[in-house]
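Q: All you need for the numbering used here is the position in the sequence shown, starting with 1, plus 2. Glycine included, C-beta positions come from ideal geometry on N, C-alpha and C.
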Amino acid sequence: MVWQVEGGEADLFGEQCAASPPPADPTFAVPRAFVDLAKAAICHRDPERFSLLYALLLKLRANRKAMEDRADPLVDRLERLAKEVRRDAHKMHAFVRFREVADDVGARFVAFFEPDHHIVRREAGFFVRRFANMRWSILTPELSIHWDGERLSEGPGANRRDAPDGDPVEEVWKTYYASIFNPARVKVKAMLKEMPKKYWANMPETSLVPGLLAGAQAREAAMIETSRQQEGAMPKRRPTPDLPPARGCGANLLKSWEAIRAEAKDCTRCHLYRCATQTVFGEGALDARILFVGEQPGDQEDLAGRPFVGPAGEVFNAALEEAGIDRAATYVTNAVKHFKFVARGKRRIHQSPDAGEISACKWWIEQERELIRPPLTVALGATAARSLFGKVMAIGKNRGRAHALPDGSEGWITVHPSFLLRLPDADARCEERRRFVDDLKRIRDRADSIAA
3 MVWQVEGGEA DLFGEQCAAS PPPADPTFAV PRAFVDLAKA AICHRDPERF
53 SLLYALLLKL RANRKAMEDR ADPLVDRLER LAKEVRRDAH KMHAFVRFRE
103 VADDVGARFV AFFEPDHHIV RREAGFFVRR FANMRWSILT PELSIHWDGE
153 RLSEGPGANR RDAPDGDPVE EVWKTYYASI FNPARVKVKA MLKEMPKKYW
203 ANMPETSLVP GLLAGAQARE AAMIETSRQQ EGAMPKRRPT PDLPPARGCG
253 ANLLKSWEAI RAEAKDCTRC HLYRCATQTV FGEGALDARI LFVGEQPGDQ
303 EDLAGRPFVG PAGEVFNAAL EEAGIDRAAT YVTNAVKHFK FVARGKRRIH
353 QSPDAGEISA CKWWIEQERE LIRPPLTVAL GATAARSLFG KVMAIGKNRG
403 RAHALPDGSE GWITVHPSFL LRLPDADARC EERRRFVDDL KRIRDRADSI
453 AA
């Protein structure tokens, strides 16, 4: 069996990959996961994609659980194809830049983009939903899509010369981008990995990046000197009785953190704010090398407005001290900022947050990490790990070693201190506490190594 896209080349390996005869019974059930995988993998440019998907389909007909075998080279290859397509779609969402032009009807916004795979039709709906009130066109070498405010249409492919070079708004944006560019926070390798140079020609701000990077050292020194002068002119802050001040940071960073914390006090992103006493925001050093993320505040944290001050906090503090980590030099927060509980008489019994609540609160974690930029972020427990990595991460399988986070920093996973309190057996509790302290020591050594 040979698969061929109309107007394209035939699949040279079609007969090898799908040599089995077609099934006699025309219909049979497949897992939903196969449909989702096929929708992504079929958009890849690999000419073997059709044969690979058909071969997997025949496997599923014989064994409905065939996709559960992650060691199967066929499943692994298709998963990699699908992952590359999804990544290409993410790039399209992030790096399409519209420029305004005038036509017979009025303003139209035009962008040029070069996808790696066949994703233009697949992602058209995203742009229709996001820019429903604009008239726009996205030009690509393979085909172009056009939205007139009511109807989506397709046209032939185009090249970069067919797209406009710029517009007046672009100059305003470039001025703004240059003014907010922070050379002290640039990680060139991480930036190039997330934003390869092939996309730079379509984005106005990227023309500024080489010059900004070249002058980064001088600008960084000027920013440090300005920060020192501002700190010297500012009156010393008096700490509030219920929350210690953030330490180890410049005035501008402190103001930004205080603004985010103040905004979080009125958070209504999920329903948990209705019953909790208050938002429990993170605290600690804003230049921390280690940022700890717990699950959510408990009963005592909810009343005090501070993270890790209850029984689990006592276990945590003792373990940090034994591991040689100064809590005051770290930053401690929670994946979910409001206390979730069920009332049992006068007691409030902790309930684990669900995926929707974790997702709703992830915005605050991202703001904290964006400000602090810690080299190491430690997830204490499954909820924190899910928040950081965006998926379920088994503690036993992933603890005690580094995992890459999207911003290029390292994520570490270990148990939550409350886990040690729930163990009924004294010997098991002693052993798990030793393992927890060992994890913290490895994290301390890794932070020291990065700093050195």
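Below 8 Å CB to CB, which residues in the same chain sit around L83 once its five sequence neighbours on both sides are set aside?
A: Excluding positions up to five away in sequence, the list reads A42, A43, H46, D48, R51, L54.
Q: At the level of alpha carbons, what is the spacing between A104 and S139?
A: Distance between the alpha carbons of A104 and S139: 12 Å.
Q: Distance check for D268 and M395, CA to CA, integer angstroms please.
A: For M395 and D268, the distance between alpha carbons rounds to 30 Å.
Q: Please classify E323: is it buried, with 16 or more other beta-carbons within 10 angstroms of its beta-carbon, or exposed?
A: E323 is exposed by the Cβ-count criterion.
Q: Any idea what DSSP makes of T142, helix, strand or coil?
A: It is coil, neither helix nor strand.
Q: Quick one: Cα of V87 to Cα of M94, how far?
A: If I take the Cα positions, the gap works out to 11 Å.
Q: Quick one: grab the DSSP three-state call for E412.
A: E412 falls in the strand class under three-state DSSP.
Q: For the alpha helix (DSSP H) holding E372, just list the boundary residues, first then last.
A: 357-374 is the extent of the alpha helix (DSSP H) around E372.
Q: Nearest-angstrom Cα distance between D450 and N161?
A: Each residue's Cα considered, the two are about 50 Å apart.
Q: Measuring CA to CA, which of A40, L60, L288 is closest to Q369?
A: Of the candidates A40, L60, L288, the one whose C-alpha sits nearest the C-alpha of Q369 is L288.
Q: Between which two residues does the beta strand (DSSP E) containing I292 stretch?
A: From DSSP, the beta strand (DSSP E) with I292 extends over 292-296.
Q: When DSSP builds the beta bridges, which residues end up paired with N65?
A: The partner list for N65 (beta bridge, DSSP) is empty, contrary to what the question assumes.
Q: Measuring alpha carbon to alpha carbon, tell me which of V338, R346, Q280, M3 ends up nearest A387.
A: Nearest option by C-alpha distance: V338.
Q: Taking 7 Å as the limit between beta carbons, can you name the residues of its chain near R446, skipping five residues before and five after?
A: The answer, listed in chain order, is A325, G326, I327.
Q: Check each candidate in D164, R131, L145, P158 and name the one with the smallest Cα separation from G151.
A: Of D164, R131, L145, P158, the residue nearest in Cα terms is R131.
Q: By DSSP, does A73 sit in helix, in strand, or in coil?
A: A73: coil per DSSP, three-state reduction.
Q: Report yes if the C-beta distance between G300 and G312 is below 8 Å; otherwise report no.
A: Yes, the Cβ-Cβ distance between G300 and G312 is below 8 Å.
Q: I'd like to confirm the pairing. Which residues does DSSP put opposite I147 in its beta bridges?
A: Looking at the DSSP assignment, I147 forms a beta bridge with I140, E156.
Q: What residues are listed by DSSP as bridge partners for G286?
A: Looking at the DSSP assignment, G286 forms a beta bridge with Y333.
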